[in-house]
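Numbering (the numbering used here), first residue to last: -19 to 342.
Positions of the beta carbon are idealized from the N, C-alpha and C atoms, including for glycine.
The block underneath contains the structure these notes are about, expressed in structure tokens.
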Amino acid sequence: MAISETLSGQSVLILDPDAQWMSSAAKPPFDRAMVVSNAECEIRIQGVDIDVAEHVLRDMDGRRALQDIAASAHTDCASLIKWLTPMLENGVVAEAGMASDFVTPDTFTETCRRVFPLWKERLFSHPLWTSLAQGSAPRDVFLGWLIESYHFIEGVTIRLPMCIAACRDASARAVFVRHFAEEYDHRHFFLSALQAAGMGAEVARRRPLPGTGAVLNCMREAARHDFLAYAACSGFLESTGADRDSARAFFARVAEHYEPTSRGIVKPMVAHASLDESYAHGLFLEKVCRHLGPLPRMRADRALQAAWSLLETLEFWSQDILEHYQAYPPGGERRGYGVRAANGGSWHDRDLSSSVEEARSC
Ligand SMILES: [Fe+2]
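Next comes the structure, spelled out in structure tokens:
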């Protein structure tokens, strides 16, 4: 990356999204120190107020000039430039003015909106979804899809908190916190659907399929690396415009095939989609990006790759549901993966000893 001859108060810097920092407590005769690192190097910062340094690192989002950051951190710009210069020379921070290395948040969201419909078309061409829409999937597969959908929705309690915990941008974090407040209890829609289908709390307590766990892990992994990657995954999942019409049509066809006389199973899922729509969750990605400055091209690429990984993982998920529930009906004992509820408790604390024996005998 090209570097300006000198930094000035007007310079606008952005911290490498992969950079980590760690500060130490003061140990006489040494001052408090901080180590900032990325994949290439480690920079030790000493002899400056570490609280101020942390404040500055958090503010370097590619939107604010150094003089404004200095003012908000109650420090002088000259000393800021002194300790930031080695970081710039070593690529831990970059100048946001180097346009070719950055994309605007609008460009990023527009790219997502361009590719997501194509990706969704691919996902919903999977035999699980087409057979459910056509009514050719066995009822057990329909029930299995309900169960795993419940687990995925319930899993918001383990994926979104990871994003909130890892997000260093206060404005973006507020968007994730609000999203969690709106989503954390949406499992009840799917629990109602399960109960209407003759299942309920007992089934909900079962461990989800590995494919469902993989989807949750995929999103947790994205969240741990970068909240933008999580936002891209979430943006892919949320329905927008034409997607919403397709989702409604899908639910109507599923209801027609699997509960022709009542609407007690699919109705809660339709109600859930409507509630999310009233929260404008379709614009979640845009809500997050509204708070961001120029995005390093590599960061935007990685976020898009995370959403692509989610697409692939959702295909594995679809295949897992289709194969597992055709072989092992939801009402029976789960085999194949060797996990079953031995104590009637939650899937977090079940006895796996029988599964180990079962695996040994294979
Ligand atoms: Fe929801």
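Identify, in the order they occur along the chain, each residue of the same chain with its Cβ nearer than 7 Å to the Cβ of residue i, setting aside the five sequence neighbours on each side.
{"i": "Pro310", "result": "Asp120, Leu123, Gly124, Ile127, Met179, Val183"}
{"i": "Thr89", "result": "Leu265, Glu266, Cys269"}
{"i": "Ala235", "result": "Arg243, Val246"}
{"i": "Leu294", "result": "Leu103, Val195"}
{"i": "Gln0", "result": "Ser17"}
{"i": "Ala212", "result": "Cys92, Leu265, Ala283, Leu284, Ala286, Ala287"}
{"i": "Gly135", "result": "Leu196"}
Starting from residue i and walking both ways along the alpha helix (DSSP H), at which residues does that stretch end?
{"i": "Leu108", "result": "107 to 114"}
{"i": "Leu265", "result": "264 to 269"}
{"i": "Asp149", "result": "Asp149 -> no alpha helix (DSSP H), and no H or E assigned at all."}
{"i": "Leu177", "result": "According to the sequence as given, residue 177 is Ala; it is not Leu. Counting along the chain, Ala177 falls outside any alpha helix (DSSP H), and DSSP gives it neither H nor E."}
{"i": "Gly193", "result": "190 to 205"}
{"i": "Arg186", "result": "Arg186 -> no alpha helix (DSSP H), and no H or E assigned at all."}
{"i": "Arg43", "result": "Unbroken run through Arg43 is the beta strand (DSSP E), 41 to 45; no alpha helix (DSSP H)."}
{"i": "Ser298", "result": "277 to 307"}
Counting only the same chain and skipping the five closest in sequence on each side, list residues whose C-beta sits under 6 Å from that of residue i.
{"i": "Ile133", "result": "His166, Arg167, Phe170"}
{"i": "Ser214", "result": "Phe264"}
{"i": "Phe230", "result": "Ala113"}
{"i": "Tyr210", "result": "Cys143, Ala202, Ala203"}
{"i": "Asp48", "result": "none"}
{"i": "Arg43", "result": "Gly273"}
{"i": "Gly115", "result": "His237"}
{"i": "Pro248", "result": "Phe169, Ser172, Ala173"}
{"i": "Glu218", "result": "His261, Gly262, Phe264"}
Please classify residue i as buried or exposed, where buried requires at least 16 neighbouring CB atoms within 10 angstroms.
{"i": "Pro118", "result": "exposed"}
{"i": "Ala19", "result": "exposed"}
{"i": "Arg158", "result": "exposed"}
{"i": "Leu290", "result": "buried"}
{"i": "Met199", "result": "buried"}
{"i": "Asp225", "result": "exposed"}
{"i": "Tyr130", "result": "buried"}
{"i": "Lys62", "result": "exposed"}
{"i": "Arg102", "result": "exposed"}
{"i": "Arg139", "result": "buried"}
{"i": "Arg148", "result": "exposed"}
{"i": "His304", "result": "buried"}
{"i": "His261", "result": "buried"}
{"i": "Ala181", "result": "exposed"}
For residue i, collect the residues of the same chain with a Cβ closer than 8 Å to its Cβ; drop the 5 residues on either side in sequence, then sort them by chain order.
{"i": "Ala13", "result": "Ser3, Ser4, Arg24, Ile25, Gln26, Ile30"}
{"i": "Met67", "result": "Val16, Ile23, Val73"}
{"i": "Gly71", "result": "Met(-19), Asp(-4), Asn18, Glu20, Cys21"}
{"i": "Ala222", "result": "Pro97"}
{"i": "Leu108", "result": "Ala117, Val121, Trp125, Ser298, Gln299, Ile301, Leu302"}
{"i": "Leu46", "result": "Leu(-13), Ser(-12), Gly(-11), Gln(-10), Ser(-9), Val(-8), Leu(-7), Cys57, Leu60, Ile61, Leu64"}
{"i": "Ala251", "result": "Phe169"}
{"i": "Arg228", "result": "Val250, Ala253"}
Residue range of the beta strand (DSSP E) that residue i falls in?
{"i": "Ser3", "result": "0 to 3"}
{"i": "Val343", "result": "For residue 343 there is no data in the structure shown, the boundaries of the chain being -19 and 342."}
{"i": "Gln26", "result": "22 to 26"}
{"i": "Ala13", "result": "13 to 17"}
{"i": "Asp165", "result": "Taken as a continuous stretch (DSSP letters only), Asp165 belongs to no beta strand (DSSP E), as it is neither H nor E."}
{"i": "Leu(-13)", "result": "Element bounds for Leu(-13): n/a, residue is neither H nor E."}
{"i": "Ala117", "result": "Note, Ala117: premise wrong, no beta strand (DSSP E); not H, not E."}
{"i": "Leu(-5)", "result": "-8 to -5"}
{"i": "Asp29", "result": "Neither: Asp29 is in no beta strand (DSSP E) and is coded neither H nor E."}
Looking at chain D, is there any beta carbon in it that lies within less than 9 Å of the beta carbon of residue i?
{"i": "Cys147", "result": "Note that chain D does not occur in the displayed structure, where there is just one protein chain."}
If we require 4 or more residues per run, which alpha helix (DSSP H) segments fall completely within the segment 47 to 101? 57 to 69
May I have all residues whose beta carbon comes closer than 5 Å to any heavy atom of ligand 1, sorted in chain order? Glu163, His166, Asp256
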